[in-house]
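Sequences listed follow chains L and X, in order. The opening residue of the first sequence carries number 174 in the numbering used here; numbering runs sequentially from there. The opening residue of the second sequence carries number 174 in the numbering used here; numbering runs sequentially from there. Structure record follows, encoded as structure tokens.
Number of protein chains: 2
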Amino acid sequence: MSLRIALLGTLAFTGPASGYELAKQFDSSVNHIWQAKHSQIYPELAKMVKSGAATVEEVGDGRGRKIYTVTDAGREEITRWACDDDPHRNVRDETALRGFLVTLLPPAQGAAVMRAEEDRFAARLAEMEALKAEVEARTTAQSPRFGLYAIDLGLRTHQMLRQWAADTAEDLERRAGA
Amino acid sequence: MSLRIALLGTLAFTGPASGYELAKQFDSSVNHIWQAKHSQIYPELAKMVKSGAATVEEVGDGRGRKIYTVTDAGREEITRWACDDDPHRNVRDETALRGFLVTLLPPAQGAAVMRAEEDRFAARLAEMEALKAEVEARTTAQSPRFGLYAIDLGLRTHQMLRQWAADTAEDLERRAGA
DNA sequence: GGTTGCATGTAAGATGTTACATGATTTA
DNA sequence: TAAATCATGTAACATCTTACATGCAACC
């Protein structure tokens with residue numbers, strides 16, 4: 174269900190788009206929150222059309238390109254999902270999982286891995302800052318919402334993770350020294 | 174693969190335990206990072222025994238209880254996974270997804286949903302602080318690692334999310350007013 | 001004697017990943 | 001003309017969720 178919503182939301186944001194374009198857009202916006210391969214996206218779009226959340230139009234450009242558009246029913250579905258206050262939340266985070274298993278290693282080794290994590294988070298953070306600048310550059314005052322809030326969250330997440338990795342590494346280094 | 178590692182790590186941390194106990198422990202430690210139902214845990218433990226990462230022992234207490242223990246091979250598997258520097262990371266976060274779709278709503282409605290999110294994050298944060306105090310109370314200076322680092326990360330994550338929700342709500346409120 | 005908690009598992013279905021498969025267009 | 005990119009899909013497999021299924025022990 175969540176993929177469907179994420180995809181429908183992206184489609185509502187970008188406006189009419191092909192599966193291929195959505196896959197790209199997905200990668201550069203919701204990527205740090207949700208990922209999907211084209212093999213999951215194409216069938217999902219077909220299902221949306223079937224259920225009335227979107228419409229398709231085939232473009233006769235020789236490449237079999239298809240353009241999808243959200244319907245009112247689709248928009249309503251997004252609203253329902255976003256407003257529904259079921260507190261049930263699924264999270265699955267390999268990054269955090271790794272960072273946390275590291276504490277099972279001997280302190281010195283764990284500290285080294287954490288320092289490497291810190292570097293990786295810092296690099297990802299720099300990428301996101303660049304992305305933000307790029308998106309900001311081509312955004313008008315009227316339409317700055319969807320993309321930027323998501324990027325903002327990604328930025329904050331990675332700042333926090335970098336700091337956590339640094340603090341954890343420091344703690345492990347102290348233990349290794351003691 | 175990740176569930177296997179998360180479970181193996183939890184087993185390494187707690188020491189010999191039954192599937193039931195592991196499921197509980199899992200819920201109160203890695204829960205904000207990874208979730209698993211017992212229907213996934215039991216078969217996974219069986220697989221671990223088959224592949225030599227753990228051993229079982231049946232306890233004749235009439236309840237069919239089984240105690241699992243990590244082997245050296247299992248420990249090695251954890252180390253390999255934690256040190257492997259493949260930068261590939263999967264994340265799937267329903268919380269963030271929702272918070273982010275909210276920006277597709279009319280500003281006033283989006284702001285209201287974000288305020289509700291903020292409250293939910295604050296509540297979850299309070300729960301985690303209580304958990305931390307509880308874990309700290311029964312932790313000695315020698316063994317304060319695994320559980321507390323994970324809780325620390327959960328705490329930081331929820332502080333960040335609460336702040337993000339508040340800031341986003343504020344921004345949406347400003348837009349709704351304008 | 002009934003309810004809750006302990007304890008383990010299987011089965012069906014949904015979701016997600018990797019690999020297979022195809023073909024047009026653009027660029028070097 | 002070869003390689004990269006655009007563009008869509010299916011199939012097999014792995015993973016995860018929900019529901020089904022069972023039985024003992026402790027407590028009230």
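Glycine included, each C-beta is placed from N, C-alpha and C at the ideal position. Computed from a prediction, not measured in an experiment: that's the story for all the values here.
Cα separation between residue i and residue j?
i	j	result
A349 (chain L)	P280 (chain L)	5 Å
Q323 (chain X)	P189 (chain L)	A small fix is needed here, since residue 323 (chain X) is Ala in this sequence, not Gln. Roughly 42 Å between the two C-alpha positions.
A338 (chain L)	R293 (chain L)	10 Å
H261 (chain L)	L270 (chain L)	20 Å
E290 (chain L)	D257 (chain X)	11 Å
D259 (chain X)	F186 (chain L)	33 Å
S191 (chain L)	A306 (chain X)	51 Å
R253 (chain L)	Q336 (chain L)	36 Å
G225 (chain X)	I178 (chain L)	41 Å
K223 (chain X)	Q282 (chain L)	29 Å
E343 (chain L)	E249 (chain X)	24 Å
Y193 (chain X)	L176 (chain X)	16 Å
A351 (chain X)	A351 (chain L)	58 Å
Taking 9 Å as the cut-off, decide whether the C-beta atoms of residue i and residue j are in contact.
i	j	result
I240 (chain X)	L277 (chain L)	no
E230 (chain X)	G237 (chain X)	no
T268 (chain L)	V264 (chain X)	yes
L321 (chain X)	E309 (chain X)	yes
G272 (chain X)	L334 (chain X)	yes
A284 (chain X)	E346 (chain X)	yes
M287 (chain L)	T341 (chain L)	yes
A255 (chain X)	L274 (chain L)	yes
D266 (chain L)	D266 (chain X)	yes
Spatial neighbours of residue i within its chain, please: CB distance less than 8 Å, with the 5 preceding and 5 following residues excluded, ordered by chain position.
i	result
L180 (chain L)	L195, F199, A209, I214, E217, L218, M221
L304 (chain X)	S201, I324
A227 (chain X)	L181, L184, L218, M221, Y241, T242, V243, T244, G247
So, helix, strand or coil for residue i, using DSSP?
i	result
V308 (chain L)	helix
A227 (chain X)	strand
A190 (chain X)	strand
H331 (chain X)	helix
W207 (chain L)	coil
L345 (chain L)	helix
A351 (chain X)	coil
M221 (chain L)	helix
M174 (chain L)	coil
P317 (chain L)	Interpretation of P317 (chain L) is limited by its pLDDT of 49, a score under 50 that renders its predicted location unreliable; the figure taken from the coordinates is listed afterwards. In the structure shown, P317 (chain L) sits in coil (DSSP, three-state: anything other than H, G, I, E or B).
A179 (chain L)	helix
Residues in the same chain with beta-carbon distance under 6 Å from residue i, minus the five sequence neighbours each way, listed in chain order, please.
i	result
H205 (chain L)	G327
H211 (chain L)	A196
W207 (chain X)	A179
Looking only at its chain, what residues have a beta carbon closer than 7 Å to the beta carbon of residue i, apart from the 5 residues adjacent to it on each side?
i	result
P317 (chain L)	The predicted position of P317 (chain L) is uncertain, since its pLDDT is 49 and thus under 50; no value can be drawn from it.
M174 (chain L)	none
M301 (chain X)	I324, G327, L328, H331
task = Report the residue ranges of all beta strand (DSSP E) runs contained in full by the segment 229-281 of chain X; include only those spanning at least 3 residues, in chain order.
result = 239-243, 264-266
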